[in-house]
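Peer 1: Residue numbers (the working numbering): 235 to 644.
Yeah, the Cβ is synthetic: ideal placement off N, Cα and C, and Gly gets one too.
Here's what the structure looks like:
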């Protein structure tokens, strides 16, 4: 005969289930308010498939803990207007640290995705431990300058380029940022005292577009980040696709020209060498130096002054040479994207990064190449558009990455 378990052994599992369900509701409320900004109790209850009395207790607890606040009443004339709730903008700050090959920016962002403090310096990402020392000093100095209590900071998101294994917290493209086999995140957490999350910059951009931009509500989307390199963020089933090691999306390093230029990765003829902003500028500088007919010829004596902004401005001013250069870049990019389209069958492609400012000068040739190199069935349900987030997609995605990870720990 099997003896009945003691009362305590029976109660503990039941309590753990109750705690789990409660935490699920806490996570659900926080996540929904983060995404939607304001909601009534009835809306939260409907979204989370629970009762209004049940969700009321959860929201009251979050109000008491400082996470949630009331923010007026919903519009409508039928009877008593329901109270609106939102996340509290005071406290629970996240640091978004964006370090690239040309600068480093610090942003202190509240739960309403409002930047309450910003500081940028010209220091660019370097593959050595000294750069990490700079980051630590930069963050600590910025916190002091922002005049916030360190206790009010709940985490930091670091967006950088390269092959990032987010699970292990390392960047294989910049391996010297931390000691061998030591996660960069651990190194930063030990010095700063709050959680640190590492994300590839193109994946952060894709997440920002999916949560708050043109890919919002889309299950399958691509975000092409054309900056000084070319990065691809892939949204599959509403989530950023990482791949086995977190490296999915390195579109810039597929070979498109076996006889082409040497890429910084060590391979020859990568898409990066043809379609990145830096490669475009180099080609423009060479052509201007050789005497091409263009408004940019005013820089012929010092072509090093020409930047990507000059090229885009010249195109918008009707300069045929600048338009042709952007067209060629967009067309080659469209050829590369055709590979990704055939693999992932996206609903939308969002063009992000510095070349997004070129708008139709880049979008039109991308669409032409896709029409030529993709099966028509893939093209029928696909749209291509420039970002509407005006350069904010990356930091918004980094912030969302931190917040969603923190909510998951509740």
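(1) Kindly indicate which residue of 357, 330, 379 and 337 has the alpha-carbon position closest to the one of residue 344.
(2) Measuring alpha carbon to alpha carbon, tell me which residue in 351, 553, 428 and 458 is nearest residue 588.
(3) Give me the DSSP bridge partner(s) of residue 646.
(4) Nearest CA to the CA of residue 296: which residue from 316, 390, 257 and 334?
(5) Spatial neighbours of residue 628 within its chain, please: CB distance less than 7 Å, with the 5 preceding and 5 following residues excluded, ordered by chain position.
(6) Could you pull out every unbroken beta strand (DSSP E) segment of at least 3 residues lying fully inside the stretch 537-575, listed in chain order?
(7) Taking only the alpha-carbon atoms, compute the straight-line gap between residue 639 and residue 262 and give it to the nearest angstrom.
(8) Beta-carbon within less than 8 Å of residue 530's beta-carbon, same chain only, minus the 5 sequence neighbours each way: which residues are those?
(9) Beta-carbon within less than 6 Å of residue 584's beta-carbon, same chain only, minus the 5 sequence neighbours each way: which residues are those?
(10) Excluding the 5 residues flanking residue 315 on each side, which residues of the same chain have their C-beta closer than 8 Å to its C-beta?
(11) Output the distance between the C-alpha atoms of residue 272 and residue 302, rounded to the nearest integer angstrom.
(12) So what does residue 254 bridge to, in DSSP terms?
(13) How many Å lie between residue 559 and residue 514 at the Cα?
(14) Is the separation between the beta-carbon of residue 267 and that of residue 321 shorter than 9 Å?
(15) Per the DSSP calculation, residue 332 is bridged to which residue(s)?
(16) Among residues of its own chain, excluding the 5 on either side of residue 421, which ones have a beta-carbon nearer than 6 Å to its beta-carbon?
(17) Can you round the beta-carbon distance between residue 468 and residue 482 to whole angstroms, since I take them to be within the 8 Å contact cut?
(18) For the candidate residues 384, 305, 504 and 452, whose alpha-carbon lies nearest to that of residue 465?
(19) Could you name the residues of the same chain whose beta carbon sits closer than 7 Å to that of residue 602, not counting the 5 residues immediately before and after it, in chain order?
(20) Cβ of residue 410 versus every heavy atom of the ligand FAD: is any distance shorter than 8 Å?
(21) Pull the bridge partners of residue 620 from the DSSP assignment, please.
(22) What are the boundary residues of the beta strand (DSSP E) that residue 292 is part of?
(23) Tell me the DSSP secondary structure of residue 481 in three-state form.
(24) If we call anything under 9 Å between Cβ atoms a contact, is residue 623 one with residue 604?
(25) Pull up the DSSP beta-bridge partners for residue 489, would you.
(26) Can you list, in chain order, the residues of its chain with a C-beta nearer than 8 Å to that of residue 538? Leave out the 5 residues immediately preceding and following it.
(27) Could you compute how far the alpha carbon of residue 240 sits from the alpha carbon of residue 252?
(28) On the three-pair Cβ rule with 8 Å, is the stretch 347-357 touching the stretch 395-406?
(29) As a quick exercise: from 414, 571 and 382, pick the residue whose alpha carbon is nearest that of residue 607.
(30) Looking at the secondary structure, which residues open and close the beta strand (DSSP E) in which residue 318 lies?
(31) Tell me which residue opens and which closes the alpha helix (DSSP H) that residue 641 is part of.
(32) Grab the span of the alpha helix (DSSP H) containing residue 598 for me, first residue to last.
(33) Around the Cβ of residue 485, are there at least 16 other Cβ atoms within 10 angstroms (buried) or fewer (exposed)?
(34) Output needed for residue 599: all residues of its chain with C-beta closer than 7 Å, excluding positions within five of it in sequence on either side, in chain order.
(35) In this structure, how does DSSP classify residue 473 when only helix, strand and coil are distinguished?
Peer 2: Put simply:
(1) 330
(2) 458
(3) Absent from the structure is residue 646, since the part of the chain shown begins at 235 and ends at 644.
(4) Relative to the Cα of residue 296, the nearest Cα in the group 316, 390, 257 and 334 belongs to 257.
(5) So the qualifying residues of the chain are 332, 393, 435, 438, 439 and 442.
(6) As far as the stretch 537-575 is concerned, it has no whole beta strand (DSSP E) run of at least 3 residues.
(7) 13 Å
(8) 518, 522, 540, 544, 545, 548, 553, 555 and 556
(9) 443, 448, 449, 457 and 621
(10) By the criterion of a C-beta distance shorter than 8 Å, residue 315 is surrounded in its chain by 307, 308 and 309, once the five residues flanking it on both sides are discounted.
(11) 10 Å
(12) According to DSSP, which records beta bridges pairwise, residue 254 is partnered with nothing at all.
(13) 7 Å
(14) yes
(15) 339 and 393
(16) 412
(17) 6 Å
(18) 504
(19) Same-chain partners within the cutoff: 565 and 568.
(20) With respect to the ligand FAD, the structure offers nothing, as it holds no ligand at all.
(21) 585
(22) No beta strand (DSSP E) contains residue 292, which is instead part of the alpha helix (DSSP H) from 286-298.
(23) coil
(24) no
(25) 504
(26) In its chain, beyond the 5 residues on either side, 519 have a beta carbon closer than 8 Å to the beta carbon of residue 538.
(27) Residue confidence for residue 240 is low, a pLDDT of 42 falling below 50, so the modelled location carries little weight; the figure read from the coordinates is stated next. Here the alpha carbons of residue 252 and residue 240 stand approximately 19 Å from one another.
(28) no
(29) 571
(30) 317-321
(31) In this chain, the alpha helix (DSSP H) harbouring residue 641 covers 627-642.
(32) 594-607
(33) buried
(34) Closer than 7 Å at the Cβ level, and outside the excluded window around residue 599, lie 561, 564, 565 and 568.
(35) Residue 473: strand per DSSP, three-state reduction.
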